[in-house]
Amino acid sequence: MAKQAKINKQRGVLYGVDGKGNGQAIKLRRDATLFGREKGDILIEDHEISSTHCQIQNINGVYHVFDMNSTNGTFVNKERIVKSRLTSGDIITVGQSSFRFQLEDEAQVRHIATIFKSKEKRSLNDSKAPSLVDTLIEGELRSTHSESIELRITYQDGTKEEVELNQKTLFIGRASSFGKFEQDPEISRKHLLVKLNDTGQVFIEDQGSTNGSFLNAKRITGMHLVQPEDQVKVGTAMIKIRAKTS
């Protein structure tokens, strides 16, 4: 029993092996860790990295990396991925930087930071940008975010419904306990994953549905960030999704 308890307290850590994170250690968040050039937990000043590039999620104790429709892609062990389960020793590459993923004993990595920003070496044109980004990210991480997700649904017949769910993860589909999705034959039983991370951002991922999920009229694969004004289409239903703050 003691050995099992110790295994359950492992935490994912990234060790920089190349690029601007070289030599650094970054502890992954317990929920979701976002990589990006402009916004995220791991910020890397690299023109090959998208503003929001990829995300590592801890799902029931197993870490997965999801590309967020980045321009230049996310790679695991030199293979471009949309999503991939991570095991110790895997090398994740974004832009010109590579990190080795490792599972470590939680008690031994408490001193490692969960936020990383590569140092900006060119200080002339971009000297103000780092402090602006730092202020934005640190402010978000300090604030208390609601664990409530609000759905504003418009059905094919024109009727509308607002649903608020006090949870951080939910599935939209014919098997949902909310909404009228069971009446839509174009919707799969477990069609779309909606996830609220610990910085108050909402992400969606199609669950291999028959007819697909759409973000602003574009069919999606992988994990995507959703803004409050975005339109999500599932079957014949149009949905606006946002995190509701108290």
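Under the working numbering, the residues of the sequence shown are numbered 258 to 503, in order.
In this text, a Cβ means the ideal position worked out from N, Cα and C, and glycines have one as well.
Could you tell me the distance, in whole angstroms, from the CA atom of residue i to the CA atom of residue j?
{"i": "Glu418", "j": "Ala282", "result": "46 Å"}
{"i": "Thr416", "j": "Lys437", "result": "10 Å"}
{"i": "His321", "j": "Gln314", "result": "5 Å"}
{"i": "Gln484", "j": "Thr411", "result": "17 Å"}
{"i": "Leu472", "j": "Ile372", "result": "29 Å"}
{"i": "Asn317", "j": "Glu486", "result": "30 Å"}
{"i": "Arg431", "j": "His448", "result": "8 Å"}
{"i": "Glu363", "j": "Lys284", "result": "10 Å"}
{"i": "Ser434", "j": "Leu427", "result": "10 Å"}
{"i": "Leu450", "j": "Ile461", "result": "5 Å"}
{"i": "Lys452", "j": "Gln413", "result": "25 Å"}
{"i": "Val420", "j": "Val274", "result": "45 Å"}
{"i": "Glu302", "j": "Gln440", "result": "47 Å"}
{"i": "Lys277", "j": "Gly297", "result": "16 Å"}
{"i": "Asn423", "j": "Ile406", "result": "6 Å"}
Check residue i in the structure and name its three-state DSSP category.
{"i": "Glu462", "result": "strand"}
{"i": "Glu407", "result": "strand"}
{"i": "Gln312", "result": "strand"}
{"i": "Gln365", "result": "helix"}
{"i": "Asn440", "result": "Checking the sequence shown, residue 440 turns out to be Gln, not Asn. Reduced to three states, the DSSP call for Gln440 is helix."}
{"i": "Lys374", "result": "strand"}
{"i": "Gly280", "result": "coil"}
{"i": "Phe210", "result": "One cannot answer for residue 210 here, as it falls past the ends of the chain, which runs 258 to 503."}
{"i": "Ser354", "result": "strand"}
{"i": "Thr344", "result": "coil"}
{"i": "Ala289", "result": "strand"}
{"i": "Gly430", "result": "coil"}
{"i": "Asp487", "result": "coil"}
{"i": "Thr331", "result": "strand"}
{"i": "Lys447", "result": "coil"}
{"i": "Val414", "result": "The sequence given here has Asp at residue 414, not Val. DSSP places Asp414 in coil when its eight states are reduced to three."}
{"i": "His402", "result": "Note that His402 scores a pLDDT of 45, beneath 50, so its modelled location is shaky; the value from the coordinates is reported in the next line. Three-state result, His402: coil."}
{"i": "Gln424", "result": "coil"}
Would residue i pass as a contact of residue j if the rule is Cβ separation under 8 Å?
{"i": "Leu360", "j": "Gln267", "result": "yes"}
{"i": "Phe358", "j": "Lys340", "result": "no"}
{"i": "Ile299", "j": "Thr290", "result": "yes"}
{"i": "Asn326", "j": "Gly469", "result": "no"}
{"i": "Asp463", "j": "Ile477", "result": "yes"}
{"i": "Val459", "j": "Ile429", "result": "no"}
{"i": "Val489", "j": "Ile369", "result": "no"}
Does residue i pass the burial test, meaning 16 or more other C-beta atoms within 10 Å, or should it be called exposed?
{"i": "Arg492", "result": "Reading the sequence as shown, one finds Gly at residue 492 and not Arg. So Gly492 ends up on the buried side."}
{"i": "Asn454", "result": "buried"}
{"i": "Ser355", "result": "buried"}
{"i": "Arg506", "result": "This structure gives no information on residue 506, because the portion of the chain shown stretches from 258 to 503."}
{"i": "Asp456", "result": "Residue identity differs from the one stated: residue 456 is Thr in this sequence, not Asp. Buried, since its Cβ has 16 or more Cβ neighbours within 10 Å."}
{"i": "Arg342", "result": "exposed"}
{"i": "Gly465", "result": "exposed"}
{"i": "His304", "result": "exposed"}
(request) Evaluate contact between the stretch 319–333 and the stretch 343–350, counting only Cβ atoms and requiring at least three cross-stretch pairs below 8 Å. (result) The stretch 319–333 is in contact with the stretch 343–350.
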